[in-house]
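Q: After the structure tokens below, expect a handful of questions from me.
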Amino acid sequence: MGNGKVKKKPKYSVLQNLAYVLPKWWKWDKKGMLTGLCRIPLVVVIPLMGILLPKAVLDCVTEGGSLFRLAAVLSVFTFILCVCHMVDKYITRGQIFAIGLKNRMNYLYIWAEKIFTTDYSNIEQSKGQLQKEKAREFLRGSDSGGEAVISSFVGISGDILGLLVYAGIVASLHPLIIPFLLIIAALIFAAGQAVRRLEYRIRDESTALNQKLYYLFYTPTDFAAGKDFRLFRIGDWFGELFSVFLSEKSRLTGKNEFWWFAVNALQGILSFARDGICYFLLIKMVLEGRITAGDFTMYFGAVAGFSVWLNDIAHQTGNLSRFSMECCDYREFIEMPDTYVNDGKQTITAEEGSPVEICFEHVYFRYPDAQKDTLCDLNFIIKPGEKLALVGLNGAGKTTCIKLLCGLYHPTSGRILINGKDMAACSRDEYYRLFSVVFQEINFLPFSIAQNVSASETDFDRDEVQKCLEQAGLWDKVKDFPKGMDTMLNRTLNEDAEELSGGEWQKLLLARALYKKGPVIILDEPTAALDPIAENELYHKYGELTKGRTSLYISHRLASTRFCDRIFFLENGSVTEMGSHEELMARKGSYAYMYEIQSHYYKKKLERGEGYEKR
1 MGNGKVKKKP
11 KYSVLQNLAY
21 VLPKWWKWDK
31 KGMLTGLCRI
41 PLVVVIPLMG
51 ILLPKAVLDC
61 VTEGGSLFRL
71 AAVLSVFTFI
81 LCVCHMVDKY
91 ITRGQIFAIG
101 LKNRMNYLYI
111 WAEKIFTTDY
121 SNIEQSKGQL
131 QKEKAREFLR
141 GSDSGGEAVI
151 SSFVGISGDI
161 LGLLVYAGIV
171 ASLHPLIIPF
181 LLIIAALIFA
191 AGQAVRRLEY
201 RIRDESTALN
211 QKLYYLFYTP
221 TDFAAGKDFR
231 LFRIGDWFGE
241 LFSVFLSEKS
251 RLTGKNEFWW
261 FAVNALQGIL
271 SFARDGICYF
281 LLIKMVLEGR
291 ITAGDFTMYF
301 GAVAGFSVWL
311 NDIAHQTGNL
321 SRFSMECCDY
331 REFIEMPDTY
341 VNDGKQTITA
351 EEGSPVEICF
361 EHVYFRYPDA
371 QKDTLCDLNF
381 IIKPGEKLAL
391 VGLNGAGKTT
401 CIKLLCGLYH
411 PTSGRILING
421 KDMAACSRDE
431 YYRLFSVVFQ
441 EINFLPFSIA
451 QNVSASETDF
461 DRDEVQKCLE
471 QAGLWDKVKD
481 FPKGMDTMLN
491 RTLNEDAEEL
501 SGGEWQKLLL
511 ARALYKKGPV
521 IILDEPTAAL
531 DPIAENELYH
541 KYGELTKGRT
551 SLYISHRLAS
561 TRFCDRIFFL
571 ENGSVTEMGS
581 HEELMARKGS
591 YAYMYEIQSH
601 YYKKKLERGE
611 GYEKR
């Protein structure tokens, strides 16, 4: 505890995770499960034939059996071995891969669905990101997660069956042989478990390093980042950071591998001692005439096989324990609680063209692990159809306020009401349909322009898409493309894709918000990447674009809010001033002060440009 780190224990045991995985396997692939279970007796029969065949042959020879009897013995054993090998190869090379892939895809679907449907705050914070990445380890491939749990379960089941069969053979040799072999196996297993517990304790640190290495490795390959890497020469910087984190990752891996080397060395020493003692006993019994030559080969193989089964049980149990830890991480992410209940009973009726009323009732919000509230006592009503501007300095809480309204965050205390109904009691999917939002971040799909505007693959109205592109001021650009609105975006995935400028991307997002026709339209810094002419056009069209909707306009440019009915000025997470532009200027408060500073800057620029000729 001296370093402040808590030693974390897995939330679920191996048996609990098997009880989680196996029913899903049966549910998703009954035929595959039965096929996989069929391999259990095969892994026992094949090596068992290997120790019984030499005994049968030697007994036949030493007892003076005929060649016909010898040929019959060889034929029976050969036939059984051939059939078993053929079935085993069919299962392991064909069916097991398909079974594992099918299960992995189902787990991947559940993981992706959780990302898309969980509370936004669950995956936005660094803790949620770490949990998401740890859960992804469960989906990494056939040597991890659900596939590996199934493979290890089948393997360990076969090992236990084989151990019981071989124990019956070895027990007839000497009563102390089995306890001796079990003690050796227990020591090896205990050493392995100690290393696995160490692996789990450093899992969070290792996953965090993997995230950083992944970012540093793949960001330089991003098409959008290419300009920055060339012009600012930050490739060397990324390379240095990659080396630092890689060294740290190597340190963790090296520490882990050192302890596994120690475990393997211990296993080798104990196995050598075990085999030496057992073989000494067998040779002694042969020399004393207590067992035949055929018995010697059978017991020799049985002792070796018993040790192999024990070692493999220890190995498979260790693997099962490691995969169970991955399963714990996966389940913890999937079971991450949501604040917003998606099956809310209330519905908010809002027909197209019918704006809604928005009410904040003493709303407070604090980010997880933060020391103070980001938003404090927001208490106001936005009337249906009102055009509201939310302004303030960067970090005042404007975007946080919008995320609260959209249901991405949930108030720490207080309520948000839409048409008098508490958002917390409404269905999340229904609630999301109320909002058409343009956020500051530019995110688009690697599909066509029409698909990006409609947020749909095929079910969209082409005329409406064109209308929205025209309203957003992007149609003149789009219609000149050879494929028009069917032009693909993102050159990384589409060779014939087109690239848009920063301002054009913002227009595309505005068109998408207009197409959705939500009764509340929210524009968060929508002119940040627009040129002055395009920005001015947006101001003049704002009334038309927001007709029949309640609208919120967020900006730190105070001059851009004069066309709004009311202005809320946010300062340190609270609405300190509200009113029209004229009212706030007359009050001579913080809003008026900031407006004068900004307008003074623009006036100076204009004075320096005196004598310009308008063309």
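For what it's worth, the UniProt record's numbering labels the leading residue of the sequence shown as 1, then goes sequentially. No residue lacks a Cβ here, since even glycine has one placed at the ideal position from N, Cα and C.
Quick one: Cα of Tyr-12 to Cα of Ile-283, how far?
A: Along the sequence shown, one-based indexing puts residue 12 at 12. Along the sequence shown, one-based indexing puts residue 283 at 283. C-alpha separation (whole angstroms): 48 angstroms.
Q: Which residues in the same chain as Leu-108 place their Cβ atom closer than 6 angstroms to its Cβ, once the five residues preceding and following it in sequence are excluded?
A: Mapped onto the sequence shown, residue 108 falls at position 108. Here the set comprises Leu-139.
Q: Could you tell me whether the Cβ atoms of Ala-472 and Lys-507 are closer together than 7 angstroms?
A: As a first step, residue 472 is located in the sequence shown; it is residue number 472 there, counting from the start. As a first step, residue 507 is located in the sequence shown; it is residue number 507 there, counting from the start. Contact: yes.
Q: Does the beta carbon of Val-263 fall short of 6 angstroms from some heavy atom of the ligand COA?
A: No copy of the ligand COA appears in this structure; indeed no ligand is present at all.
Q: Since Ser-555 sits in a beta bridge, which residues does DSSP pair it with?
A: Looking up residue 555 in the sequence shown gives position 555. Paired residues: Val-391.
Q: Helix, strand or coil for Gly-414? Go by DSSP, reduced to three states.
A: Here the question's residue 414 lines up with position 414 in the sequence shown. Gly-414: strand per DSSP, three-state reduction.
Q: How long is the line joining the alpha carbons of Glu-199 and Glu-326, rounded to whole angstroms?
A: Translated into the one-based positions of the sequence shown, residue 199 becomes position 199. Translated into the one-based positions of the sequence shown, residue 326 becomes position 326. Spanning the two alpha carbons is a distance of roughly 11 angstroms.
Q: Compare the C-alpha of Arg-274 against each of Ser-574, Asp-486, Asp-312 and Ala-185 and name the closest.
A: For the purposes of this step, residue 274 is taken as residue 274 along the sequence shown, with counting starting at 1. For Arg-274, the closest alpha carbon among the candidates Ser-574, Asp-486, Asp-312 and Ala-185 is that of Ala-185.
Q: Who are Arg-566's beta bridge partners in DSSP?
A: In the sequence shown, counting from the first residue as 1, residue 566 sits at position 566. Leu-388.
Q: Note down the Cα distance separating residue 633 from Gly-141, rounded to an integer number of angstroms.
A: Outside the modelled stretch of the chain, which goes from 1 to 615, sits residue 633, for which no answer is possible.
Q: Pick helix, strand or coil for Ile-46, following the three-state DSSP scheme.
A: Walking along the sequence shown from the start, residue 46 turns up at place 46. It is helical.
Q: Could you compute how far the alpha carbon of Tyr-539 sits from the alpha carbon of Ser-560?
A: For this step, residue 539 is matched to residue 539 along the sequence shown. For this step, residue 560 is matched to residue 560 along the sequence shown. Roughly 7 angstroms separates the two Cα atoms.
Q: Assuming Ile-567 and His-556 make a contact with CB atoms under 8 angstroms, what is their CB distance in whole Å?
A: As a working note, residue 567 is residue 567 in the sequence shown. As a working note, residue 556 is residue 556 in the sequence shown. Going by Cβ atoms, the distance from Ile-567 to His-556 rounds to 12 angstroms, so no, they are not a contact pair.
Q: Would you kindly report the start and end of the unbroken beta strand (DSSP E) that includes Cys-376?
A: Here residue 376 is taken as the residue at index 376 of the sequence shown, counted from 1. Start and end: 375-382.
Q: Comparing alpha-carbon positions, which option in Glu-147, Arg-39 and Glu-537 lies nearest Ser-157?
A: Walking along the sequence shown from the start, residue 157 turns up at place 157. For Ser-157, the nearest C-alpha among the options comes from Arg-39.
Q: Go through the region 468-553 residue by residue and report every complete run of the beta strand (DSSP E) that reaches 3 residues or more, in order.
A: 520-524, all fully within the region 468-553.
Q: Can you have a look at Phe-333 and say buried or exposed, based on whether 16 or more other CB atoms are within 10 angstroms of its CB?
A: Position 333 of the sequence shown, counted from the start, is the residue given in the question as residue 333. By the neighbour-count rule (16 or more Cβ atoms within 10 Å), Phe-333 is buried.
Q: Give the DSSP-derived three-state secondary structure of Met-33 in the structure shown.
A: Looking up residue 33 in the sequence shown gives position 33. If DSSP states are grouped into helix, strand and coil, Met-33 belongs with the helices.
Q: Quick one: residues in its chain with C-beta nearer than 8 angstroms to the C-beta of Ala-511, no 5 flanking neighbours on either side, listed in chain order?
A: Within the sequence shown, numbered from 1, the residue matching residue 511 stands at position 511. Hits under 8 angstroms: Val-453, Val-465, Cys-468, Leu-469, Gln-471, Ala-472 and Leu-474.
Q: In the region 142-211, which residue ranges form an unbroken alpha helix (DSSP H) of at least 4 residues, counting only runs that do not cross its ends?
A: 145-171 and 177-201
Q: Can you round the beta-carbon distance between Leu-211 and Glu-133 to whole angstroms, since I take them to be within the 8 angstroms contact cut?
A: Taking the sequence shown and counting its residues from 1, the one referred to as residue 211 is at position 211. Taking the sequence shown and counting its residues from 1, the one referred to as residue 133 is at position 133. In the sequence under discussion, the amino acid at residue 211 is Gln, which differs from the Leu named in the question. Contact flag correct, Cβ pair sits at about 6 angstroms.
Q: For Tyr-515, collect the residues of the same chain with a Cβ closer than 7 angstroms to its Cβ; drop the 5 residues on either side in sequence, then sort them by chain order.
A: For this step, residue 515 is matched to residue 515 along the sequence shown. Only Val-453, Ser-454, Glu-464, Val-465 and Cys-468 meet the Cβ criterion.
Q: Within its chain, find whatever has a CB closer than 7 angstroms to the CB of Asn-379; leave out the 5 residues flanking it on each side and keep chain order.
A: As a position in the sequence shown, residue 379 is number 379, starting the count at 1. If we look at Asn-379 and ignore the five residues flanking it on each side, its Cβ neighbours are Phe-360, Glu-361 and His-362.
Q: Ordered along the chain, which non-local residues of its own chain (more than five positions away) have a Cβ less than 8 angstroms from that of Leu-52?
A: As a first step, residue 52 is located in the sequence shown; it is residue number 52 there, counting from the start. Cβ neighbours of Leu-52 beyond the five flanking positions: Phe-77 and Met-298.
Q: Counting C-beta neighbours from all protein chains within 10 Å, is the total for Asn-319 16 or more, i.e. buried, or is it exposed?
A: Against the sequence shown, residue 319 aligns to sequence position 319. Counting Cβ neighbours within 10 Å, Asn-319 comes out buried, since at least 16 surround it.
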